[in-house]
Amino acid sequence: MDINNMRTKHKKLTFTKMRGTGNDYLYFDCFDQTVESPESLAVRLSNRRTGVGSDGIVLIMPSTIADAKMRMFNADGTEGSVAGNALRCVCKYLYENGHVRKDEMAVETGSGVKTAKLFIREDQVFSVL
Numbered sequence: 406m407d408i409n410n411m412r413t414k415h416k417k418l419t420f421t422k423m424r425g426t427g428n429d430y431l432y433f434d435c436f437d438q439t440v441e442s443p444e445s446l447a448v449r450l451s452n453r454r455t456g457v458g459s460d461g462i463v464l465i466m467p468s469t470i471a472d473a474k475m476r477m478f479n480a481d482g483t484e485g486s487v488a489g490n491a492l493r494c495v496c497k498y499l500y501e502n503g504h505v506r507k508d509e510m511a512v513e514t515g516s517g518v519k520t521a522k523l524f525i526r527e528d529q530v531f532s533v534l
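Numbering of the sequence shown is given in this note's numbering, commencing with residue 406 and proceeding in unit increments.
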């Protein structure tokens with residue numbers, strides 16, 4: 406089965422490309438939009454020759470047990486549990502886009518809830534541990 410063609414609908418989606426310590430992912434704000442067939446989308450967009458090029462995609466969405474939730478899909482379409490670099494970028498995105506305005510946050514991942522400490526200067530995140 407070619408998961409690249411699983412999507413039955415095509416629509417305009419907005420995303421942010423971020424890089425953290427050598428990994429680059431495409432981040433989709435699912436507070437404001439829905440992403441259907443993320444496996445297929447990851448394969449299509451992650452291709453470095455015919456797509457945008459990335460290690461995968463990350464969906465950022467509301468959570469019932471943490472400040473937010475992230476779902477990560479690798480370039481081959483498989484769902485990953487968590488990547489530290491992606492988690493740090495998610496925290497930066499959440500803060501700088503006004504979804505979570507705290508210097509410590511909890512993010513629900515495929516490996517449970519992870520916590521992060523943000524270092525903020527002049528209302529911008531400059532480091533996440």
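Backbone N, C-alpha and C fix where the C-beta goes; we use that ideal spot for every residue, glycine too.
Task: Gly485 in three-state terms, based on DSSP - done: One-based indexing of the sequence shown puts residue 485 at position 80. Strand.
Task: alpha helix (DSSP H) segments (min. 4 residues) lying fully within the region 462–525 - done: 489–501
- [ ] Starting from Val440, follow the alpha helix (DSSP H) in both directions and report where the run begins and ends.
- [x] Here the question's residue 440 lines up with position 35 in the sequence shown. Premise fails: Val440 is in no alpha helix (DSSP H) and is neither H nor E.
Task: Identity of the residues DSSP links to Ser532 by a beta bridge - done: As a position in the sequence shown, residue 532 is number 127, starting the count at 1. In DSSP, Ser532 forms a bridge with Phe524.
TODO: Decide if the region 471–481 is in contact with the region 506–517; the criterion is three or more beta carbon pairs, one per stretch, under 8 Å apart.
DONE: Output reads yes: the region 506–517 touches the region 471–481.
Task: Terminal residues of the beta strand (DSSP E) in which Leu418 lies - done: Within the sequence shown, the letter at position 13 stands for residue 418. Segment: none, Leu418 is in no beta strand (DSSP E) and carries neither H nor E.
Open item on the list: What does the alpha-carbon distance come out to for the pair Asp438 and Leu418?
Closed with: Stepping through the sequence shown from its first residue, residue 438 is reached at position 33. Stepping through the sequence shown from its first residue, residue 418 is reached at position 13. Before going on, a small fix: residue 438 reads as Gln here, not Asp. Approximately 8 Å, taken between the alpha carbons.
Task: Selected residue, minimal CA-CA separation from Lys522, among Ser486, Val495, Asn502, Gly461 - done: The residue given as residue 522 occupies position 117 in the sequence shown. Checking every option, the nearest Cα to that of Lys522 belongs to Val495.
Task: Three-state secondary structure assigned by DSSP to Arg424 - done: Position 19 of the sequence shown holds residue 424. Strand.
Task: Anticipated Cβ contact below 8 Å, Ala480 with Ser451, distance rounded - done: Numbered from its first residue, the sequence shown carries residue 480 at position 75. Numbered from its first residue, the sequence shown carries residue 451 at position 46. Yes, they are in contact, since the Cβ atoms of Ala480 and Ser451 sit about 4 Å apart, within 8 Å.
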